[in-house]
Structures are given as C-alpha cells and as structure tokens.
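Asks: First the structure, then my questions, so here it is.
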Amino acid sequence: MYYGLALLLRPVPGGSINEDLADALTGKVAGVVPTSLLILLAAVVIVWIPFKRSPVGRAAYATGSSESAAFLSGMPILRAKFASYTLAGLLAAIAASF
Numbered sequence: 376m377y378y379g380l381a382l383l384l385r386p387v388p389g390g391s392i393n394e395d396l397a398d399a400l401t402g403k404v405a406g407v408v409p410t411s412l413l414i415l416l417a418a419v420v421i422v423w424i425p426f427k428r429s430p431v432g433r434a435a436y437a438t439g440s441s442e443s444a445a446f447l448s449g450m451p452i453l454r455a456k457f458a459s460y461t462l463a464g465l466l467a468a469i470a471a472s473f
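This note's numbering numbers the first residue of the sequence shown as 376 and each following residue consecutively.
Take a look at the structure:
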C-alpha cells in the first residue's frame with residue numbers, strides 16, 4: 376500500500392513530485408486563503424485539540440514536565456510516550472508532504 380502511494384506521489388524514482396499535488400498543496404482556496412493554512416487548522420482541530428484534552432494528552436504533558444512525578448501520580452507514561460511519538464510522526468509526515 377505504501378509503495379503504491381509512493382508511486383502515486385513520485386511516478387519516476389528520483390523524479391519530481393506530481394504537479395497537480397504540488398499545486399494543490401501550495402495554492403490558495405478562493406484566491407485568498409493559503410491551502411497550507413487550512414491543512415494546519417484541520418490538523419489542529421482534528422488531532423491536537425482532542426489529544427490535548429484526553430487523559431493520554433494530559434499524561435504526555437505531565438511526562439514532559441517530570442517523568443518520575445507523572446509515574447508517581449499514576450499517569451500512563453508508556454501510552455503517553457507512544458502517543459506522543461506517533462503524533463510527532465504524523466505531523467512530520469504532513470510537513471514532509473509540503
């Protein structure tokens with residue numbers, strides 16, 4: 376599945392990215408609002424706000440402040456680390472598409 380997606384984005388290995396995709400990501404909606412701003416707002420609304428308000432998100436925040444204090448408070452540290460790294464990978468993938 377990933378190989379097919381990679382071929383869709385780059386039909387020739389080492390070649391340029393699909394021009395339609397590049398234009399869609401770097402263009403403007405209605406000639407005013409940049410598409411990248413809309414994607415950023417969508418990522419914040421869909422990913423960041425629910426993560427921040429969830430117990431795992433609060434545990435990630437507590438773990439970043441002091442891992443030992445978060446552990447002693449009963450926070451799910453391993454789950455918070457896993458979710459944080461997964462979220463970082465997702466956001467890095469979105470940034471890499473630009």
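We put the beta carbon where it would ideally sit given N, CA and C, even for glycine.
Tell me the rounded alpha-carbon separation between Thr438 and Val407.
Replies: Numbered from its first residue, the sequence shown carries residue 438 at position 63. Numbered from its first residue, the sequence shown carries residue 407 at position 32. Rounded to whole angstroms, Thr438 to Val407 spans 41 Å at the Cα level.
Asks: Taking the DSSP output, what are the residues bridged to Pro409?
Replies: Walking along the sequence shown from the start, residue 409 turns up at place 34. Note: Pro409 sits in a beta bridge opposite Lys403.
Asks: In or out: Ala467 buried (at least 16 other Cβ within 10 Å) or exposed?
Replies: As a first step, residue 467 is located in the sequence shown; it is residue number 92 there, counting from the start. Exposed.
Asks: Spatial neighbours of Ala444 within its chain, please: CB distance less than 8 Å, with the 5 preceding and 5 following residues excluded, ordered by chain position.
Replies: In the sequence shown, the residue the question calls residue 444 occupies position 69. Answer for Ala444: Ala437, listed in chain order.
Asks: If you drop the 5 nearest sequence neighbours on each side, which residues of the same chain put their C-beta closer than 6 Å to that of Arg454?
Replies: In the sequence shown, the residue the question calls residue 454 occupies position 79. Hits under 6 Å: Val431.
Asks: For Leu412, which option in Gly389, Leu396 and Thr401 has the closest C-alpha, if you only look at C-alpha atoms?
Replies: Numbered from its first residue, the sequence shown carries residue 412 at position 37. When only C-alpha atoms are compared, the closest one is Thr401.
Asks: Buried or exposed: Ala435, going by 16 or more other Cβ atoms within 10 Å of its Cβ?
Replies: As a first step, residue 435 must be located in the sequence shown, where it is residue number 60. It counts as buried.
Asks: Closest by CA to Phe426, which one among Ala405, Leu396, Ser440 and Thr461?
Replies: Reading the sequence shown from its first residue, position 51 is the one you call residue 426. Checked all of Ala405, Leu396, Ser440 and Thr461; the closest Cα to Phe426 is Thr461.
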